[in-house]
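This report refers to the structure that appears directly beneath it.
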Amino acid sequence: MLLIIQGILSGIPAGVTYGLMGFSIALIFRTTGVMNFAIGHCGMMGVFFGWMILGFTNSLPLAILSGVVFGWILGVVIERFLMRPINNMSHGGMLIITLGLLFIFTDAAMLIWGTEAYPFPEIYAGAPLIFNTSAQPIIISANDVALTIVGLVLSVILALILGYTKIGIASRARAQDVIGARVVGINTDRIDMIAWSAGIAIAVIVGFLVAPKESVQPNMLLNLLIFGLVACVLGGFGSPFGAIAGGLVLGVLEKVATVFVPVDYRLAIILFIVIAVLVLKPSGIFAKHVKTRA
Amino acid sequence: MKNVIKAAILAIVVGFVFMDKPFVLLVFSTIAIMSIAALGLNILSGYAGVVSIGHAAFMLIGAYTSAMMSIHLHTPFAVNVITGAILSAIFSLVFGVPALRLAGFYLAIATLAMMEALVQFTYASEFLGAAQGIKNIPRLFQSELAVYALNAAALIGISYLINLMIKSPVGVKFKMLRDSEMASSAYGVNVSVTKIQAFVVSAVLCSIAGSLYAHTIGYIGPEDFGLFPSVMLLAMILIGGMATVSGGVIGAAIITGLPFFFSRGKIPMSLIVGVALIFFVLFSPAGLVYRISVIYGKYLQRPYIWLIRVILKMLKPTGKFVTVNGVKMHYVEHGEGQPVIMIHGNLAHHKWYQKVWDLQGYKTYAIDLPNHMWSEWTESVSIEKYADFVKGFMAELGISKAIIVGHSLGGAVAMNLAVKYPDAVDKLVLLAAGPPTGIQSAPERYPVYERLKTDKNMLKMFMKAVAPGLKDMLLMDKLVNYVFLQNPMVYIAHADEVGKFNITNIKSQYKNPYIFLLGDKDIAISKNMAEATLAYLGSNGKLIMHEGIGHALIMENPELFKKEFYAFANQSI
């Protein structure tokens with residue numbers, strides 16, 4: 003029982019990062035219709051940039067801020083110069099283009115920063131929290147707590163933005179009906195650009211959150227890309243918040259699964275579960291009704 | 008079969024050239040193996056239109072099955088390959104039957120998850136060598152040349168079989184599925200079964216490639232079959248050409264081969280691949296195979312066609328010349344008796360009548376219309392002017408009345424002649440003639456007409472479609488060669504003219520008998536068009552349909568033409 007509680011508690015921080023990654027994928031997908039397989043590597047570019055700034059200034063907040071800004075600008079560039087000219091292309095074509103971006107960013111990072119894995123400081127380095135229980139202590143690292151708080155706060159902020167600001171409402175309108183959105187005076191190109199930028203900026207933040215564990219290296223977010231996609235599958239691609247919930251479920255499931263199966267097989271088993279979910283309920287376990295994009 | 012022989016010769020040449028360079032042979036072996044896998048993915052993604060980004064997983068199954076069996080059970084290679092293929096087929100069924108219900112992105116993610124699950128399972132499994140992989144897999148042959156020969160033979164054999172499959176009803180179903188699931192199910196294609204077929208075939212091919220890979224390289228690890236190899240497979244078919252058998256080979260040669268030859272360069276391979284992926288999706292989605300064929304058709308045959316022209320021009324015209332309206336016209340005459348004028352069609356010349364110009368009791372004149380073969384060129388073309396040229400030709404030769412035979416475009420000319428100068432036409436034989444209202448060419452056909460100028464292969468295919476009954480390819484080749492002597496302008500101008508042509512505003516004064524001969528396999532002239540001609544020319548003629556004949560009766564069945572001609576021309580009015 004305690005093992006399961008420990009699993010849940012350590013699964014939540016991981017789940018938050020999966021969920022945020024899924025959120026950024028779902029945000030871009032829902033708004034622009036593009037499944038961005040390069041999202042992890044876009045985030046990685048931002049993290050590398052922030053890491054470089056960290057080397058110059060030794061200031062963590064400045065590094066994170068500059069990384070996020072870099073990610074935002076990267077989103078603007080990708081949307082304006084690559085995605086906007088081809089926004090009437092087939093889904094398959096878009097998918098292949100983002101796969102091409104993935105390759106380009108991997109090698110660009112290798113060319114600029116090399117193939118080494120660089121360490122990155124934790125956002126909050128404190129003593130771990132230890133709860134003594136009768137049988138076995140439950141341990142939670144301070145960074146994980148900080149990470150969870152950051153992730154949840156970010157989620158709430160995003161929820162408020164999407165739900166209550168003009169831009170958020172406009173983006174939901176764009177997602178539902180692009181022509182209708184244009185009719186009521188929404189600049190859909192601008193909304194697409196913001197979705198790309200915000201999505202990549204979130205991916206950069208996820209990158210910073212996992213950087214202490216994964217180190218700063220070109221493929222640091224590759225696994226998170228897969229987990230983010232999985233979170234989207236669980237939560238449904240239609241809703242960004244479904245993705246966060248899906249991510250949390252996935253994170254907890256992953257850690258709790260280690261109680262029952264050998265630790266090495268947990269990923270394989272989870273992925274098989276995901277395939278099953280995908281097949282049984284393609285709209286996601288949290289989605290109320292099936293809605294496909296044309 | 009011809010392509011198989013060509014490919015085999017190429018493979019043998021490569022083998023002999025690099026006989027004492029084992030490393031180069033290994034590169035070619037790898038290219039052949041990746042080509043097989045790419046061909047597998049091409050069946051699924053190119054032909055059936057299902058994008059998978061996890062197909063290296065099936066290579067993993069094949070490779071690991073093969074490696075484990077040969078190390079632990081010492082089974083022969085053939086058994087390993089077949090076992091791997093069967094396992095892959097089973098796995099693809101288990102995964103595919105439920106997953107192929109998904110569409111587009113969801114299916115892509117499902118394949119990604121499947122691949123990642125298998126890779127992670129391999130990483131986690133101690134008995135599969137975990138992250139270290141399996142080393143020292145027994146090689147099939149000691150000599151690198153023999154290994155290369157096996158891989159090349161496998162590629163050629165599989166390509167041949169797949170080519171057969173693509174042309175079979177199953178392959179057609181795949182393509183229907185890609186173009187529209189809804190339409191194909193309306194045609195009675197079982198969408199899910201067909202998708203599963205494509206998926207299983209592609210899985211089996213990838214598995215075979217995996218087995219070959221394991222035994223050729225001798226070392227396998229889970230990272231050989233992860234996301235990057237899967238995307239590389241996708242890149243190969245995209246760069247080479249989706250839905251082509253040879254596309255995967257070209258793509259594999261570029262993506263697998265280039266790193267070996269550019270290994271000293273600074274720019275990493277996957278950067279090139281990434282840029283190439285985006286470039287090809289944006290600017291050349293049909294891939295390199297298509298580009299190459301276009302370049303071959305548009306430019307590479309030009310010197311050859313130029314040579315044909317030069318050589319043919321050195322030949323002496325076989326017939327006589329007569330100047331009509333200031334243009335020298337060429338004609339050949341045969342026999343003695345009542346005059347018969349034979350007018351050829353578009354993309355043709357007097358030689359089209361060579362099988363039928365010996366007619367007992369008739370003097371035949373097979374002419375080259377202006378702009379064609381030995382006749383001089385004119386500034387502009389029109390069917391009416393051609394009719395005037397034929398009239399002028401008759402006047403110059405002192406023929407006041409003749410039997411006119413016109414084929415296709417020449418049929419329209421003959422009809423025009425008969426309508427304008429009814430007295431000059433004794434009897435009229437229309438061979439699959441153009442209708443009095445002309446035929447409008449679809450705009451997308453114009454590039455094809457343009458290509459005919461520089462593409463002998465295409466012209467030949469065109470002719471084969473026009474004259475399906477002409478089996479003598481040597482004669483076909485000759486007929487096609489002479490076409491290149493014609494005025495380059497008329498490829499397009501004739502299509503324009505046939506589109507504009509309309510003589511229904513002139514009331515037909517033609518009262519003499521006529522026949523219209525039409526084959527039921529004609530792709531240019533339909534029965535409706537022929538009936539329109541009959542309605543226009545009046546009741547003094549009849550339509551005779553021939554079974555199994557295309558657009559060119561005079562070439563396909565000259566004896567039948569002669570029979571019809573005698574029956575028609577010999578009867579007294």
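From first to last, the protein sequence lines are chains A and B.
Residue numbers for the first sequence follow the working numbering, so the first one is 3 and each next one is one higher.
Residue numbers for the second sequence follow the working numbering, so the first one is 8 and each next one is one higher.
C-beta: ideal position from N, C-alpha, C; glycine also.
Since residue i sits in a beta bridge, which residues does DSSP pair it with?
i: B/L338; result: A quick correction: the sequence has Tyr, not Leu, at residue 338 of chain B. Partner(s): B/K327 and B/I374.
i: B/M349; result: B/A373 and B/V412
i: A/M85; result: None; A/M85 has no bridge partner.
i: A/F133; result: A/I140
i: B/F523; result: B/L437 and B/L550
i: A/V218; result: A/Y120
Could you say which of the options lies nearest to residue i if we only look at CA atoms?
i: A/T34; options: A/S68, A/I151 and A/I196; result: A/I196
i: B/F134; options: B/I551, B/G228, B/L376 and B/E451; result: B/G228
i: B/Y167; options: B/I312, B/L46 and B/H357; result: B/L46
i: B/T444; options: B/V317, B/I78 and B/K514; result: B/K514
i: B/A250; options: B/L32, B/K478, B/V57 and B/N143; result: B/V57
i: B/S59; options: B/E566, B/P236, B/K9 and B/L147; result: B/P236
i: B/L459; options: B/E538, B/A431 and B/A355; result: B/A355
i: A/G249; options: A/P264, A/A233 and A/L11; result: A/A233
i: B/E383; options: B/N332, B/H351 and B/H79; result: B/N332
i: B/V363; options: B/A283, B/Q139, B/F572 and B/T540; result: B/F572
i: B/A39; options: B/L80, B/S209, B/N488 and B/Y220; result: B/Y220
i: B/M41; options: B/T263, B/A574, B/I50 and B/L157; result: B/T263
i: B/S533; options: B/M172, B/H558, B/Q516 and B/Y517; result: B/H558
i: A/A40; options: A/G165, A/L103 and A/I193; result: A/L103
i: B/V347; options: B/A110, B/A431, B/A419 and B/M8; result: B/A431
i: A/G128; options: A/W115, A/T260, A/N145 and A/Q138; result: A/N145
Who are the Cβ neighbours of residue i in its own chain at under 6 Å, not counting the five residues just before and after it?
i: B/T72; result: T90, G91 and L94
i: B/S191; result: M183 and L184
i: B/S253; result: V296
i: B/F148; result: V154
i: A/V276; result: V232 and V235
i: A/F229; result: Y20
Whose C-beta lies closer than 7 Å to the C-beta of residue i among residues of the same chain, with five residues either side of it excluded?
i: B/N353; result: S415, L416 and H501
i: B/G342; result: D365, L366, Y369, K370 and T371
i: A/T294; result: With a pLDDT of 45 at A/T294, under the threshold of 50, the modelled position of this residue cannot be trusted, and the question is left open.
i: A/A296; result: For A/A296, the pLDDT reaches just 35, beneath the cut-off of 50, and the residue's location in the model is therefore unreliable, although a value from the coordinates is still provided. No residues qualify anywhere along the chain.
i: A/I66; result: G52 and F210
i: B/E151; result: P29, L32 and L33
i: B/K427; result: A394
i: B/K358; result: L486 and Y489
With burial defined as no fewer than 16 other Cβ atoms inside 10 Å of the residue's Cβ, what is the status of residue i: buried or exposed?
i: B/T37; result: buried
i: A/E81; result: buried
i: A/V292; result: Here A/V292 scores only 45 on pLDDT, less than 50, and its place in the model is too uncertain to base an answer on.
i: B/N7; result: The question about residue 7 of chain B has no answer here: the residues shown for chain B are numbered 8 through 580.
i: B/K142; result: exposed
i: B/E566; result: exposed
i: B/Y194; result: exposed
i: B/F232; result: buried
i: A/R32; result: buried
i: B/H79; result: exposed
i: B/T540; result: buried
i: A/W100; result: In the sequence on display, residue 100 of chain A carries Thr and not Trp. Buried is the call here.
Excluding five sequence neighbours on each side, which residues of the same chain lie with their C-beta closer than 8 Å to the C-beta of residue i?
i: B/V11; result: I163, S166 and Y167
i: A/T190; result: R176, V180, A183 and R184
Is there a Cβ of chain D sitting closer than 9 Å to that of residue i, yes or no?
i: B/F102; result: Although the question refers to chain D, the structure presented lacks it and instead comprises the protein chains A and B.
Decide yes or no for the touch test of the region 128-135 of chain B against the region 266-273 of chain A: beta carbon pairs closer than 8 Å, at least 3 of them.
Touching, yes.
The region 41-56 of chain A touching the region 255-268 of chain A, judged by at least three CB pairs closer than 8 Å:
They do not touch, by the three-pair rule.
Touch check for the region 23-31 of chain B and the region 79-92 of chain B: three-plus C-beta pairs under 8 Å?
By the Cβ test, the region 23-31 of chain B is not in contact with the region 79-92 of chain B, since fewer than three Cβ pairs between them sit closer than 8 Å.
Segment contact, 8 Å Cβ cut-off, at least three pairs: the region 255-268 of chain B with the region 305-322 of chain B:
Cβ pair count under 8 Å is below three, so no.
Under 8 Å: do the region 522-530 of chain B and the region 364-380 of chain B share three or more Cβ pairs, one atom per stretch?
Result no; under three Cβ-Cβ pairs closer than 8 Å.
Validate contact between the region 523-543 of chain B and the region 551-560 of chain B using beta carbons, cut 8 Å, 3 pairs
Flag = yes, the region 523-543 of chain B and the region 551-560 of chain B touch.
The region 232-247 of chain A touching the region 17-25 of chain A, judged by at least three CB pairs closer than 8 Å:
Judged by Cβ distances under 8 Å, the region 232-247 of chain A makes contact with the region 17-25 of chain A, as three or more pairs qualify.
Taking 8 Å as the cut-off, does the region 135-154 of chain A touch the region 221-229 of chain A (at least 3 CB pairs, one atom from each stretch)?
Result no; under three Cβ-Cβ pairs closer than 8 Å.
Report yes or no: do three or more beta-carbon pairs, one from the region 316-327 of chain B and one from the region 282-293 of chain B, lie closer than 8 Å?
Per the Cβ contact rule, the region 316-327 of chain B is not in contact with the region 282-293 of chain B (fewer than 3 Cβ pairs under 8 Å).
Taking contact to mean 3 or more Cβ pairs, one atom from each stretch, closer than 8 Å, check whether the region 198-208 of chain A and the region 32-46 of chain A are in contact.
With a cut-off of 8 Å, the region 32-46 of chain A and the region 198-208 of chain A count as touching, because enough Cβ pairs lie within range.
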